Amino acid sequence: MLTFAVWLVWGTYFVFLYLIIFWLLVLIRENNAVVEKGGLVESKNKPSDYPTVTVAIPAWNEEENIRETIESVMGLDYSPDKLEVIIVNDGSTDQTEAVAKRVMGQYAGRKLRLITQPNRGKGAALNTALQTAQGEFFAPMDADSLIRRDALRYMLPDFEDQKVAAVLPLMKVWQPHNLLQRVQWCEYLVSVFYKHLMAILDCISIIPGPFSVHRTRILRELGGFDEQNITEDVELTLRLQTHHHKIVQNFHTEVYTKAPDTWRRFYRQRNRWYKGTFLNAWRYRKMALNTKYGDFGFIQMPRMVVEGALLLLVLGALLYTCLLNPLATQVRLALLKGVDPWTHFAQTLTDFSLVDHEWPAYFFVAVIYTLGLVLIRYAHKHAREPMRKHGYLVIPFYLFLYWMLTTIVYVGVFADLVRGKTHRW
Amino acid sequence: MVIRRVSTRIYFIAGLLTLSILASGLLVGFFIADLRASFLEQWHRRQLGEFERGERRQLELANFRSAKNCAVTQRNLLGTMEDVDTARGKLERYLTSTLAGYNSRLLRLNREYASTALRYWLLSSAIWKMCEFADAPGLYLYSGRGCDGCRVREEALTFVRDKYGQRSFVFAVDTDLLREEEIETIRKSHGVTTGSPLVIAGSRDSGLFRNIEESLRRVNQHDGPALR
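Heads up: the sequence lines are chains A and B, in that order.
Residue 1 is where the first sequence starts when you use the numbering used here, and the numbers rise one by one after that.
Residue 426 is where the second sequence starts when you use the numbering used here, and the numbers rise one by one after that.
As structure tokens, this is what we get:
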């Protein structure tokens, strides 16, 4: 048992280090190209040449956030007659509809519509908007998110490449005020940077909800959003990848989303995300290790399928090798010797010797964390956010403890899957 | 449509780099393991030297005991006493240093001192019998846990100290000496089964300090002048 756990931990160290080195190599290979591109790429088109864009805001019980979101979208620096906004009230039981109507009153004469339908989920709400959308481009916008004014002007130029089906904005956490939100702020930046690296190899595995821009034609060709899916964004991404469409991560404009501020909300959100990702990855498992899908099949699909299980096994193995097994041994010895357990325990703690430790493992972990730190540094640099913006505690917490927190969510995910418990959006 | 490729070269180089880091880690591990082995070997040699010295002393003692040569055995005893002083000195220096704390170094020094002192007690007990000295050495083993009669004990221990001076040895059995084989040997050889035994030369008393008057009377039964 102990040998198995040790091998498992070592195997995981190896996989994690391999992945970090892999993505760093991708970064090094593409670094020159990125530098050459340089600066911000803003659309030089005259407003009359702007393409039409439809922004869809699905909302379910968002009375607290909907006002700010609508105002943010309506405040976009874009030709008003080229911008259509559709709010889909997905059977809210609170004042979402009333609040939305009040805000709409401020924008008379603009292309702004409200559709109310019985609650059918986010995918269905987006499909409702997609059916009547008149824009050449379609941008779903989560009702708890905010967008920078210049977003479209910086994102649309990426569509000049006809292969591009979707463009992702640089997503950041909106005004984090506690440690949980600050750590998510760091996580989002790292995640966006990873997406940038993934995009280099056409490997993006998720198009997040807040203001990713799609080509409407391609969305319709693919049949829109999966209404039964708890993470319709992951499913759509995998479908786009199946059809070999290009997805691009844009670094020049920002979308802000309100991250969960309590453990309970965090757990609920992540449970849905991780469960949905796993189920969709399993659904599209034929892509894994399939040369037809290139790097996506080789590096992303296996990761999506096994990531949760791997994290769970590692946490379990670490707990077993570093805590449970030594503790059990000490208790057993104490009982055998018939001595006072507390005295024995105190003495065991003092029998600390530096040479008795697993130095190769420490070395390996140190390398992993150092390279991880390099990636975090790059992520912050690309996102134009200083690492110390929300205090120095955030980075070590993110590096050392956050993965354990997310692994605990996986415990719930797998427990739900075993029990056959489904999730509602 | 995206033209899909498998970046074989990156996969390969990443694998190579990961393996080389793994190999470096293992080399670091081997280097430290080597250091550890030489450290343990050094430690073992030192312990072996100490053991051989003790053994030689015992042998000398046995020889001179048969010859009833008390002068030589007493010189031997003095040598052991120097060892005790050295060990005590090291312990005291450590306790007054800034590094002092309940850690492995303190534990080691404590055990070294206790072990040397116990050796001295065993030797002096043997000499006491052989040479029929008037002064007997006393060994008091106590437990620091559940000490209801601490005040009584303190008084009795002070009395023992006053009576036996340098020849009294006091040790807590439940912490520092937990792993000392000597304690176990002494306990068995003197049939100590209950707590707080006082072993004075060849005899022993158990549960001694529950009642101060009785304790003092029993300590005074042994040789040496009565103090109170």
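Beta carbons: idealized from backbone N, C-alpha and C, even for Gly.
Just so we're clear, the structure is a prediction, and the values are computed from it rather than from any experiment.
Under the 8 Å criterion on CB atoms, I446/B is classed as interfacial with respect to chain A. Nothing from the region 542-556 of chain B brings a Cβ to less than 7 Å from some Cβ of chain A.
Along the region 156-178 of chain A, the positions whose C-beta sits under 8 Å from a C-beta of chain B are K163, read in chain order. Contact between Y402/A and V183/A holds, since their C-beta atoms are separated by about 5 Å, short of 8 Å. CA-to-CA, the gap between Q467/B and G474/B works out to about 11 Å.
Per DSSP, the beta-bridge partners of L170/A are E254/A. If you check the CB distance, V509/B and T541/B come in under 8 Å. Of P302/A, F278/A and P396/A, the smallest CA-CA separation from V411/A is found for F278/A. Contact annotation: the region 262-275 of chain A does not touch the region 158-168 of chain A, with fewer than three C-beta pairs closer than 8 Å. Residues L168, I204 and Q249 of the same chain have their beta carbon placed closer than 7 Å to that of K195/A, with the five preceding and five following residues left out of the count.
One finds nothing in chain B with a Cβ atom closer than 9 Å to the Cβ of G135/A; even the nearest lies about 23 Å away. In the same chain as I207/A, and ignoring 5 residues on each side of it, the C-beta atoms closer than 7 Å to its own belong to A166, L168, D233, L236, T237 and I247, in chain order.
Ranked by Cα distance from H245/A, the options A328/A, E221/A and T231/A are led by E221/A.
The beta carbons of V88/A and I115/A sit about 5 Å from each other, so the pair counts as a contact at 8 Å.
In this structure, the alpha-carbon of E187/A lies about 35 Å from that of P80/A. Contact annotation: in the region 283-297 of chain A, residues whose CB is within less than 9 Å of a CB in chain B are T291, K292, Y293, G294, D295, F296 and G297. V9/A has its alpha-carbon roughly 10 Å from the corresponding atom of Y320/A.
Contacts between I207/A and chain B, judged by CB atoms closer than 9 Å, are missing: the closest CB pair is about 15 Å apart. For the region 429-442 of chain B, the residues whose beta carbon sits under 8 Å from a beta carbon of chain A are, in order, R429, R430, V431, S432, I435, Y436, I438, A439, G440 and L442.
Against chain A, the CB of V585/B has no partner CB under 8 Å away; the residue lies outside that interface. The alpha carbon of R544/B has as its nearest neighbour, out of E580/B, M506/B and L460/B, the alpha carbon of M506/B. Counting only Cβ-Cβ distances below 7 Å, Y107/A has no contacts in chain B at all, with the closest Cβ about 38 Å away. In this structure, M171/A places its C-beta atom within 8 Å of the C-beta atom of P210/A.
The Cβ atoms of L201/A and L152/A do not sit closer than 8 Å to each other.
In the structure shown, K421/A falls within a coil segment according to DSSP collapsed to helix, strand and coil. Counting only the Cα atoms, R642/B lies some 13 Å from E580/B. The beta carbon of M104/A lies closer than 7 Å to those of L112 and L114 in the same chain, with the five residues before and after it left out. Among the bridge pairs identified by DSSP, N89/A is matched with A59/A and T116/A. Under the DSSP assignment, A139/A falls in the beta strand (DSSP E) whose first and last residues are F137 to P140.
Under a 10 Å Cβ-count criterion, S550/B is classified as buried, with 16 or more other Cβ atoms of the shown protein chains found around its own Cβ. Beta-bridge pairing by DSSP links L146/A to Y256/A. The DSSP-derived three-state label of T52/A is coil. From the listed residues G420/A, W359/A and A259/A, the smallest Cα separation to L451/B is found for W359/A.
Here E254/A is buried: its Cβ has 16 or more other Cβ atoms, across all protein chains shown, within 10 Å. In the three-state DSSP reduction, Q472/B falls in the helix class (H, G or I). Beta-bridge partners of H214/A (DSSP): F138/A and A166/A.
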